[in-house]
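Enquirer: In our numbering, the protein residues as written are 15 to 745.
Just so you know, even glycine gets a beta-carbon here, dropped at the ideal spot from N, CA and C.
Take this structure first; my questions come after.
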Amino acid sequence: MDIKTFSFAAATPPLSVIAAANLAGVSLHIDTSLPPDSVPTFLFSNGLKLRGAYVLLRYIGRFASIPDFYGQNAIEASQIDEWLDYAPVLSSGPAFENGCKYINEYLEKRTFIVGHSLSIADLAIWSGLAGTGKRWESLRKSKKYPNLVRWFNSLVAEYGTALNEIITTYIGKKGLGEPSGTKSNEQAVVPDQIKKVNGNASEKVKGGSKPSAEIDLPDAVVGKVRVRFAPEPSGYLHIGHSKAALLNKYFAERYQGQVILRFDDTNPAKESNEFVDNLLKDIDTLGIKYEKITYTSDYFPELMEMAESLLRQGKAYVDDTPREQMQKERMDGIDSKRRNNSVDENLKLWKEMIAGSERGLQCCIRGKLDMQNPNKSLRDPVYYRCNPMPHHRIGSKYKVYPTYDFACPYVDAIEGITHALRASEYHDRNPQYHWIQGDMGLRKVLIYEFSRLNMVYTLLSKRKLLWFVQNGKVDGWDDPRFPTVQGIVRRGLKVEALIQFIVEQGASKNLNLMEWDKLWTINKKIIDPVCPRHTAVIAERRVLLTLTDGPDEPFVRIIPRHKKYEAAGNKATTYTKRIWIDYADAETIAVGEEVTLMDWGNAIVEKIEKDQDGNVTGLSGVLHLEGSVKTTKLKLTWLPEIDELVSLTLVEFDYLITKKKLEEGEDFIDVLNPCTKKETLAYGDSNLRNLQHGDVLQLERKGYFKCDAPFLRPSKPIVLLSIPDGRGKQA
């Protein structure tokens with residue numbers, strides 16, 4: 015059933031419908047003869063009709079071949095529907111800027127309105143803005159709504175040809191910059207429907223009825239929520255920790271509450287000030303604002319007093335059972351022979367522990383909970399252990415240290431934490447957490463669970479990551495192959511992509527084994543619209559192409575570094591008679607073939623030189639600049655034969671292990687990837703001398719890269735790290 019006619023009033027074109035049809039490749043016979051204020055209509059070949067701008071937009075969204083155009087699932091489709099209901103407020107004079115403000119805030123951590131790709135929701139908001147003409151253009155040039163402008167510019171960069179054609183045809187003669195007196199139909203008609211159902215449109219903006227993917231925190235009271243992020247300073251922050259950190263941030267912001275950053279420094283054998291400093295750096299990278307920094311070690315005196323109090327109350331005891339035997343007894347539900355020690359005996363052994371004596375080193379404090387409980391975490395957990403190692407903050411003051419199981423319930427309650435976010439893998443320990451708080455006489459803190467984030471081909475155990483560092487398998491905790499925040503950011507991941515990736519998962523309790531491709535795809539959508547384009551040729555076996563009618567003297571043209579993003583600036587490109595091309599390209603060219611030299615024009619290859627082994631060693635040909643780029647199969651990147659080219663080292667990476675997921679008990683050393691880093695020498699255009707450390711760029715036809723070491727001197731190559739593009743490979 016084909017669409018026979020698409021009718022609407024010339025004065026009120028439904029821009030979003032026109033754009034959706036254009037992008038979806040739907041051919042429409044357009045009739046603009048309807049009287050003013052008429053409803054846009056599809057007339058089908060069988061006589062059926064559909065009416066209303068957003069009805070038509072939804073119809074196209076459902077049958078178009080564009081992936082996820084109407085959402086990836088029912089949730090996303092419903093979110094899109096919310097946005098279609100919301101979009102008309104952009105037509106209301108007093109509500110327009112309120113709408114811009116809300117959408118700007120919503121887009122802070124998003125690339126698209128819904129999901130990870132273009133949807134009809136994006137087109138609805140685009141048309142609402144573009145349809146206002148000069149009003150939006152004025153705001154677009156200001157710095158008032160940076161996230162909204164970034165989103166709008168990315169759409170224009172990606173789909174500008176189609177969108178500008180629509181604006182030129184239906185709004186004005188100079189694309190997005192020059193509107194006419196017409197206004198979009200979805201703005202002219204739908205607001206009246208919104209007012210009938212929901213009251214005044216401007217009130218809708220100011221109220222709380224806005225589309226969102228919000229996560230609820232049980233029993234949360236606005237202004238009174240206090241959460242904590244409590245990393246152990248025994249490693250750098252990795253992508254798994256980031257989920258916990260950002261969820262705490264999310265809930266604190268949503269409920270106008272507070273985040274406390276607490277270092278859970280109860281194990282001096284693993285912790286150091288280096289890790290504290292770098293965790294602070296990583297938390298700052300994630301943009302997490304905290305009320306204050308605390309340390310569990312700040313509470314050591316109080317925790318020791320609490321331990322002694324529980325010993326006196328008979329709610330804990332000192333045990334000298336050897337560790338392996340203790341573990342077996344806990345598994346079998348067998349009481350320790352020390353479980354019924356007298357209070358005096360327990361206090362005597364406790365003093366030995368505090369002194370760090372030989373006798374004390376044999377002992378630990380255990381809580382007296384329930385040794386027969388099916389939940390083994392309640393079978394008398396350890397509260398305190400003896401450890402003579404000095405602490406990274408307080409030196410050798412203490413010889414005893416609390417376990418996490420003992421310290422966390424106490425400090426959470428004392429610091430006024432309302433909700434403790436914990437990974438669902440600790441679900442069985444939640445009753446223990448509350449039992450201990452009850453024995454301590456403290457209020458119970460609500461526990462909110464979320465699933466641990468696991469990535470394919472990735473180890474997130476700090477103990478295992480430390481092994482790679484200590485054994486020289488990586489260059490440090492910020493190695494681009496590592497899943498640490500510093501590692502993946504060094505690799506080229508934008509923090510906003512990481513935040514979007516994690517926040518979009520929400521606080522699901524389902525176990526997640528996520529693909530890296532999804533994260534890098536989000537990242538690509540952020541960097542591609544804005545990163546400058548440059549050219550490189552692989553050094554090994556590169557081939558000279560001599561253009562016999564090329565310029566006798568080199569000349570320079572100034573061209574954009576990004577054809578669709580003016581702010582990327584310009585670059586100088588030199589044109590010469592002899593140019594370098596990649597060997598991989600040279601060996602695919604046939605005699606007489608016409609090829610396109612990117613940023614120059616076409617050329618015809620007339621002669622191919624080869625060595626005795628059949629390897630291409632040189633090419634010659636003539637320019638054919640009047641030729642059409644549409645007719646050539648090969649679009650070649652090239653560099654001029656000049657001394658100003660810069661040396662590059664292109665670095666590609668692979669996963670550290672060869673298995674997607676380790677099975678229980680499987681040793682990661684058995685699945686180590688023997689080759690995880692590859693360096694390739696290349697030459698780049700002279701403009702690359704201006705790269706700064708951390709700059710992201712695209713090498714045409716080679717992918718995205720991040721500058722890890724900029725130009726210092728001709729003998730030292732610029733180091734560029736390959737950024738995955740989300741298409742199933744690491745580099």
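Determine whether the beta carbon atoms of T610 and E623 lie at a separation below 8 Å.
Expert: Numbered from its first residue, the sequence shown carries residue 610 at position 596. Numbered from its first residue, the sequence shown carries residue 623 at position 609. The answer is no: Cβ separation not under 8 Å.
Enquirer: For E8, is the classification buried or exposed, using 16 other Cβ atoms within 10 angstroms of its Cβ as the cut-off for buried?
Expert: Residue 8 is absent from the model: the chain starts at 15 and stops at 745.
Enquirer: Got a sec? Which residues, its chain only, sit under 7 Å from T646 by beta carbon, not counting five neighbours each side?
Expert: Counted from its first residue, the sequence shown places residue 646 at position 632. E608, V609, T610, N616, listed in sequence order.
Enquirer: Among residues of its own chain, excluding the 5 on either side of F482, which ones have a beta-carbon nearer than 6 Å to its beta-carbon?
Expert: On the sequence shown, residue 482 is found 468 positions in, with the first residue counted as 1. These residues qualify, in order along the chain: V488.
Enquirer: Can the beta-carbon of N262 be found closer than 8 Å to that of V236?
Expert: Counting from one through the sequence shown, the residue named residue 262 turns up at place 248. Counting from one through the sequence shown, the residue named residue 236 turns up at place 222. No, the pair does not count as a contact, with Cβ atoms beyond the cut-off.
Enquirer: Considering only C-alpha positions, which residue in the set P543, V503, L633 is nearest to I737?
Expert: Taking the first residue of the sequence shown as 1, we reach residue 737 at position 723. Among P543, V503, L633, the Cα nearest to that of I737 belongs to V503.
Enquirer: Which residues in the same chain as A723 place their Cβ atom closer than 6 Å to its Cβ, once the five residues preceding and following it in sequence are excluded?
Expert: As a first step, residue 723 is located in the sequence shown; it is residue number 709 there, counting from the start. The residues are V733.
Enquirer: Please name the residue or residues paired with P574 in a DSSP beta bridge.
Expert: As a first step, residue 574 is located in the sequence shown; it is residue number 560 there, counting from the start. N584, per the DSSP bridge assignment.
Enquirer: With DSSP as the reference, identify every bridge partner of P416, one or two as the case may be.
Expert: Along the sequence shown, one-based indexing puts residue 416 at 402. Bridge partners of P416: Y398.
Enquirer: If you check the beta carbons only, do L57 and T26 fall under 8 Å apart?
Expert: Taking the first residue of the sequence shown as position 1, residue 57 is located at position 43. Taking the first residue of the sequence shown as position 1, residue 26 is located at position 12. The answer is no: Cβ separation not under 8 Å.
Enquirer: Going by beta carbon distance, what residues of the same chain come within less than 6 Å of G142, once the five residues before and after it are set aside?
Expert: In the sequence shown, the residue the question calls residue 142 occupies position 128. Cβ neighbours of G142 beyond the five flanking positions: A101, L104.
Enquirer: Mind checking which residues open and close the alpha helix (DSSP H) that includes V69?
Expert: Mapped onto the sequence shown, residue 69 falls at position 55. Note, V69: alpha helix (DSSP H), 67-77.
Enquirer: Please classify V605: is it buried, with 16 or more other beta-carbons within 10 angstroms of its beta-carbon, or exposed?
Expert: Residue mapping note: residue 605 aligns to position 591 of the sequence shown, counting from 1. V605 should be labelled exposed.
Enquirer: Looking at the structure shown, is R373 part of a helix, part of a strand, or coil, going by DSSP?
Expert: Against the sequence shown, residue 373 aligns to sequence position 359. R373: coil per DSSP, three-state reduction.
Enquirer: Are the CB atoms of M403 and P245 nearer to each other than 8 Å?
Expert: The sequence position of residue 403 within the sequence shown is 389, counting from 1. The sequence position of residue 245 within the sequence shown is 231, counting from 1. No; because the gap between Cβ atoms is not below 8 Å, this pair is not in contact.
Enquirer: When burial is assigned at 16 or more other CB atoms within 10 Å of the CB, is V211 buried or exposed?
Expert: The residue labelled residue 211 in the question sits at position 197 within the sequence shown. Unreliable positioning characterises V211 in this predicted model, as indicated by a pLDDT of 21, which lies under 50. A coordinate reading is not provided.
Enquirer: Identify whether G195 lies in helix, strand or coil by the three-state DSSP scheme.
Expert: Position 181 of the sequence shown, counting from 1, holds the residue named residue 195. Residue confidence is low: G195 scores 36 on pLDDT, short of 50, so the model does not pin down where it sits. Its coordinate-derived value is still stated next. In this structure, G195 counts as coil in the three-state DSSP scheme.
Enquirer: Span of the alpha helix (DSSP H) holding T323?
Expert: As a position in the sequence shown, residue 323 is number 309, starting the count at 1. The displayed chain sequence assigns Ser, not Thr, to residue 323. Unbroken alpha helix (DSSP H) run through S323: 314-327.
Enquirer: Spatial neighbours of R65 within its chain, please: CB distance less than 6 Å, with the 5 preceding and 5 following residues excluded, ordered by chain position.
Expert: Position 51 of the sequence shown, counted from the start, is the residue given in the question as residue 65. Cβ within range, chain order: V53, T55.
Enquirer: Report the start-end ranges of each alpha helix (DSSP H) in the segment 403-465 that is 4 residues or longer and not cut off at the edges.
Expert: The segment 403-465 contains these whole alpha helix (DSSP H) runs: 418-428, 444-454.
Enquirer: Going by DSSP, name the residue or residues bridged to D45.
Expert: Here residue 45 refers to the residue found at position 31 of the sequence shown. Beta-bridge pairing links D45 to S21.
Enquirer: Would you check if the segment 327-339 and the segment 295-310 touch, i.e. whether three or more CB-CB distances between them fall below 8 Å?
Expert: Contact fails: fewer than three Cβ-Cβ distances are below 8 Å.
Enquirer: Touch check for the segment 663-681 and the segment 581-592: three-plus C-beta pairs under 8 Å?
Expert: The segment 663-681 vs the segment 581-592: no contact.
Enquirer: Report the rounded CA-to-CA distance for Q446 versus I307, giving the unit in angstroms.
Expert: As a working note, residue 446 is residue 432 in the sequence shown. As a working note, residue 307 is residue 293 in the sequence shown. Cα to Cα, Q446 sits roughly 26 Å from I307.
Enquirer: In whole angstroms, what is the alpha-carbon distance linking P423 and F126?
Expert: Working through the sequence shown from its first residue, we reach residue 423 at position 409. Working through the sequence shown from its first residue, we reach residue 126 at position 112. One C-alpha to the other measures close to 40 Å.
Enquirer: Considering only residues of the same chain and omitting the five flanking positions on each side of K303, which have a CB-CB separation below 8 Å?
Expert: Position 289 of the sequence shown holds residue 303. Answer for K303: K263, V273, listed in chain order.
Enquirer: From R76 to K538, what distance separates their C-alpha atoms?
Expert: Indexing the sequence shown from 1 puts residue 76 at position 62. Indexing the sequence shown from 1 puts residue 538 at position 524. Roughly 26 Å separates the two Cα atoms.
Enquirer: The beta strand (DSSP E) with Q712 in it runs from where to where?
Expert: Counted from its first residue, the sequence shown places residue 712 at position 698. First-last of the beta strand (DSSP E) with Q712: 710-713.
Enquirer: Based on Cα-Cα distance, which residue from F515, A67, A553, P574 lies nearest to V544?
Expert: The residue labelled residue 544 in the question sits at position 530 within the sequence shown. Ranking the options by Cα distance to V544, first place goes to P574.
Enquirer: Thinking C-alpha only, which one of G39, K157, V470, F496 is nearest E677?
Expert: In the sequence shown, residue 677 corresponds to position 663, counting from 1. That would be V470, whose Cα lies nearest to the Cα of E677.
Enquirer: Since K716 is in the beta strand (DSSP E), which residue starts that stretch and which ends it?
Expert: Start at 1 with the first residue of the sequence shown, and residue 716 comes out as number 702. Run containing K716: none; DSSP gives neither H nor E here.
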